[in-house]
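Student:
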Amino acid sequence: MSGASANLRGGWALVKATWASWMEHRGFFYLVAFSWMIPLLIYMFIWSTAAGEGTVGGLTRGDLASYYVVLILVNQLTFSTNNWTVGDAIRYGRFNFLLLRPLSPVYDALASEVAVKVVFMTFALPLAAILALLLRARFDLSLANSLAFLPALLLAWALRWLWGYWLALLSFWATRADALLSLQESLIFLLAGQVAPVVLLPGPMQAAATILPFRYMVSFPVEILTGQLSSSDLGIGFALQVGWLFVALALFVVLWRAGLRRYSAVGG
Amino acid sequence: MYHLRLVGQFARASVQNELAYRANFWISLLHSSLGLITGVLGLVVVFGQVETIRGWDLPSTLALLGVYQILAALRGLFIGPSLEALAGMDGEIWTGNFDFTLLRPVDAQFLASVRHWRPFALIDLVLGLGVLVAAVYQLATALSPLRLVAFLLTSLAAVTILYALQLAFSALTLWNPGFLFTWVLDGLFNMARYPVGLYPGWLRIVLTWLVPVGIMTTVPAQALTGTLPPGTLAGSLGAALVLLLAASALFRFGLRRYASASS
C-alpha cells in the first residue's frame, strides 16, 4: 500500500481505460445525457415563448436562450454520477475490490468522472450549438465575465462532485439513500437556476437559492457568463461557493473515515 | 373472461411482491409528492412573471398538470412496468428470456402488456386527481356536463395513445435490442407536462403529429376548460384508434423478425 494516494501513473491509466470502455457504450450515455437535458429544454422553450418579442423580468428571448444553452452545458459538466459509481459500488459490495487496489478509490470515481464527461460533451456540444442557432441565442460576453466564469465553473464542478460523494458515502450506513437523493434533485431543479434563472424566482425562493449550496453547483457560473450579476453579488457568490466547498470537503473526510471503519462488505 | 382472470392473477402476484417491501410505500409517497410539488412550484414561478402565455393561465395549466399526473400514474401502474420488463434495461429482449414468454399459450402482445403491476402508482393517481379538482375549482368558468363528457372521451383517447406509443417504442427494440427506445419516450413524455402551445412551432409539429405526446394532455385540458377547437374530439379518438392499430401491427411485424438474443 505504499503511496496509495500518490500513484498518479496508475490513476491516469485507470482514467484512460475507463474512458475507452465508456466510449464504447456511447449510445447509452447519449440517451442518459438526453434525459438529463429534457427539463432544462422544456423551461428554455417555455421562457422564450413567455418572453416573445418583449422581456421577462428584464431578460429578452435571446438572453434567456443563451442562459439556458450555457446552463445545459454546465449542468452536463458538473452532474455528479457518484451515486452510481461510488454508492452502488458500496451497496453491491464491489467496493471490496476497489479498496484492495494500491490506489485510492477516489481515483476510480475520478476516472469515471472524466470518462463520462468526455462522452457527454461529444453529444451536448453539437446539440447546444444547434439550439443556440434555432432559438437565436444572443451572447455578448465581456472579458471580465469570461475570466470569472472559469474558476466559478471549476468550483461548481468540485462542489457538486464532493457533495455527491459524501451523499454516496451514506450508503455505508443506509442501503437506500433514495429519499435524500430525490429531495436533492428537487432542490437543484427549483433553486439551481433550472426552473428559471435565479433573478426570476419569487422573493423567498431567491433568498433560499442564494444561501443554499445548490445554485453554486450549477447556475452560478452561468449567471456570471451571461452578465446577470453585479460585482458585489459576484464577490458574495464566490465566498459562499468556497464556503460550501469546505463544508462538503469536511463532510466527505468525516464520513469517509467513519464509513471505512464500519464497512463490512455487504453481499461481497 | 380468461384474459381478465389472467390480469387479476398478475396484479395479485405483483401486489404480493410489493407488499414484501412496505417501507417502499413511504419512499414512493415522498417521490410522488416531491414530483408534484416541484411541478406546481414550477408553474407558480412562471406565472409569477407573466399572466398568460398563448392563452394559457395558471388554473388551466394546473388542470393540464393534473391530467399529466393521472396519465403518468396509469403508465406507472402497469403499461410502463410490463413493457419496461420487455424492452427496458436488462429486459427480456435484451437477455433472451423473451423466448419463454413467446412459448406461453397466450397472445404475446397481451401478455407483454399486463404482466407487471406497480400498486404504489395509485399514489400518483390520487395526487393527480387532487390537482385536477383543485384546478377545476379555480377555472374562470363552471364545468358543464357536456364538457365533462368531452373530457372523459379525450382522456380515453389519451390513455390509448399512451399505450400505443409505449408499445411502438418497445417494439422498436426488436430491431435494435441494444438501444433503450423506451427511454426516448420517457423524455418526450415529460414534455406533456405543459401545453404544446408553449413550445416553438417546429417542436409543436413534432409533438402533435410525429410523436403525439402533446395530444395526450393538451386536448383533455382544453376539453375541461372549454377551449377545444372544433373537430378535435373526433380527431383525437380517430388518432388513438389508428395509433393503436399501427403499434400492434408494428409489434407483430417485429415479432416475426425476432431471433432471440443469442447469436
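Chains L and B, in that order, give the protein sequences. Once you know that position 72 of the first sequence is 186 in the numbering used here, the rest is easy, because the numbers rise by one and skip nothing. Once you know that position 57 of the second sequence is 106 in the numbering used here, the rest is easy, because the numbers rise by one and skip nothing. For glycine and all other residues, C-beta sits at the position ideal for the given N, C-alpha and C. Since the model is a prediction, treat every value here as computed from it, not as a measurement.
Output needed in chain order: residues of the segment 243-274 of chain B with a Cβ under 7 Å from some Cβ in chain L.
Tutor: Cβ contacts with chain L come from Y243, L247, Y248, P249 and L252.
Student: Quickly, what does DSSP pair T169/L with across the bridge? List them, please.
Tutor: Beta-bridge pairing links T169/L to T174/L.
Student: Can you pull the chain L residues whose beta carbon is under 9 Å from the beta carbon of R305/B, in chain order?
Tutor: Those within 9 Å of R305/B in chain L number zero; the least Cβ separation is about 25 Å.
Student: Could you pull the start and end residues of the alpha helix (DSSP H) that M138/B belongs to?
Tutor: Unbroken run through M138/B: none, as it is neither H nor E.
Student: Kindly give me the distance between the Cβ atoms of A136/B and T222/B, rounded to whole angstroms, as I take these residues to be in contact under 8 Å.
Tutor: Yes, they are in contact, since the Cβ atoms of A136/B and T222/B sit about 4 Å apart, within 8 Å.
Student: Counting only the same chain and skipping the five closest in sequence on each side, list residues whose C-beta sits under 6 Å from that of F263/L.
Tutor: Within the same chain, F263/L has close Cβ partners P335, I338 and L339.
Student: Can you tell me where the alpha helix (DSSP H) with I119/B in it begins and where it stops?
Tutor: L107 to L123 is the extent of the alpha helix (DSSP H) around I119/B.
Student: Is any beta-carbon of chain L found at less than 7 Å from that of V14/B?
Tutor: Lying outside 50 to 312, the shown extent of chain B, residue 14/B is not represented and no answer is given.
Student: Just to confirm the assignment, what range does the alpha helix (DSSP H) spanning D81/L have?
Tutor: Only positions 115 to 382 of chain L appear in the structure, and residue 81/L is not among them; the question remains open.
Student: Taking the alpha-carbon positions, what's the V356/L to I152/L distance?
Tutor: Cα-Cα distance, rounded: 30 Å.
Student: Let me confirm a value: E167/L is counted as buried when at least 16 other C-beta atoms fall within 10 Å, else exposed. Which label applies?
Tutor: When all chains shown are included, E167/L counts as exposed.
Student: Can you tell me which of Y330/L, Q342/L, A258/L and W275/L puts its alpha carbon nearest to the alpha carbon of G201/L?
Tutor: With distances taken between Cα atoms, G201/L lies closest to W275/L.
Student: Just the Cα atoms here: how many angstroms apart are L255/L and P244/B?
Tutor: Their backbone Cα atoms lie some 34 Å apart in a straight line.
Student: On the DSSP bridge list, what partners appear for I102/B?
Tutor: Note: I102/B sits in a beta bridge opposite W105/B.
Student: Between the alpha carbons of T231/B and A241/B, how many angstroms are there, rounded?
Tutor: Cα to Cα, T231/B sits roughly 16 Å from A241/B.
Student: Measuring CB atoms only, is the segment 182-191 of chain B touching the segment 105-118 of chain B, in the sense that at least three cross pairs come out at less than 8 Å?
Tutor: Touching, yes, given that three or more Cβ pairs across the two stretches are closer than 8 Å.
Student: Hey, out of R123/L, L297/L, F193/L and G172/L, whose CA is closest to V230/L's CA?
Tutor: The candidate whose alpha carbon is nearest that of V230/L is F193/L.
Student: Counting contacts by CB-CB distance shorter than 7 Å, is G129/B in contact with chain L?
Tutor: So, not an interface residue.
Student: Within this structure, are the beta carbons of V94/B and T266/B separated by less than 7 Å?
Tutor: The answer is no: Cβ separation not under 7 Å.
Student: Just to confirm my understanding: we take L202/B, look at its own chain, exclude 5 residues before and 5 after, and list those with CB closer than 7 Å. What are they?
Tutor: Cβ neighbours of L202/B beyond the five flanking positions: L282 and L286.
Student: When DSSP labels each residue in this structure, what does F218/B get in the three-state scheme?
Tutor: Helix, per DSSP.
Student: Please report the straight-line C-alpha distance between I76/B and S131/B, rounded to a whole angstrom.
Tutor: Taking the straight line joining both Cα atoms gives about 21 Å.
Student: Using only the alpha-carbon positions, how far apart do L229/B and S149/L sit?
Tutor: Distance between the alpha carbons of L229/B and S149/L: 12 Å.
Student: How long is the line joining the alpha carbons of R205/L and T199/L, rounded to whole angstroms?
Tutor: Cα to Cα, the separation comes out at about 10 Å.
Student: Can you confirm whether G91/B, when its beta carbon is compared against all beta carbons of chain L, has any partner nearer than 7 Å?
Tutor: Closer than 7 Å: yes.
Student: The alpha helix (DSSP H) with M331/L in it runs from where to where?
Tutor: From DSSP, M331/L is part of no alpha helix (DSSP H); its letter is neither H nor E.
Student: Note down, in chain order, each residue of its chain lying with its Cβ closer than 8 Å to the Cβ of L212/L, except the 5 sequence neighbours on either side.
Tutor: Once the five neighbours on either side are set aside, the close Cβ partners of L212/L are A203, P219 and D222.
Student: Quick check on F225/B: buried or exposed, where buried means 16 or more other Cβ atoms within 10 Å of its Cβ?
Tutor: It is worth fixing the name first, because residue 225/B is Asn in this sequence and not Phe. When all chains shown are included, N225/B counts as exposed.
Student: Can the beta-carbon of V268/B be found less than 7 Å from the beta-carbon of L237/B?
Tutor: The answer is no: Cβ separation not under 7 Å.
Student: Going straight from the alpha carbon of F300/B to that of A217/B, what length do you get?
Tutor: Distance between the alpha carbons of F300/B and A217/B is about 7 Å.
Student: Compare the Cα-Cα distances from W187/L to each of L294/L, L359/L, L241/L and S260/L and report the closest residue.
Tutor: Position check: residue 187/L holds Leu in this sequence, whereas Trp was assumed. Out of L294/L, L359/L, L241/L and S260/L, L241/L has the C-alpha closest to the C-alpha of L187/L.
Student: Can you tell me the Cβ-Cβ gap for V99/B and V170/L, rounded? I've got them flagged as a contact below 8 Å.
Tutor: Rounded, the Cβ-Cβ distance is 6 Å, consistent with contact.
Student: Looking at C-alpha atoms only, which residue of A308/B, G227/B, V260/B and G125/B is the closest neighbour of R167/B?
Tutor: Comparing Cα-Cα distances from R167/B to each of A308/B, G227/B, V260/B and G125/B, the minimum goes to G125/B.
Student: Does DSSP put T150/B in a helix, a strand or coil?
Tutor: Three-state result, T150/B: helix.
Student: Measure the CB-CB distance between L369/L and L283/L and report whether it falls below 7 Å.
Tutor: Yes, the pair counts as a contact, with Cβ atoms nearer than the cut-off.
Student: If we cut at 7 Å on Cβ distances, does L145/L have a partner in chain B?
Tutor: So yes, L145/L belongs to the interface.
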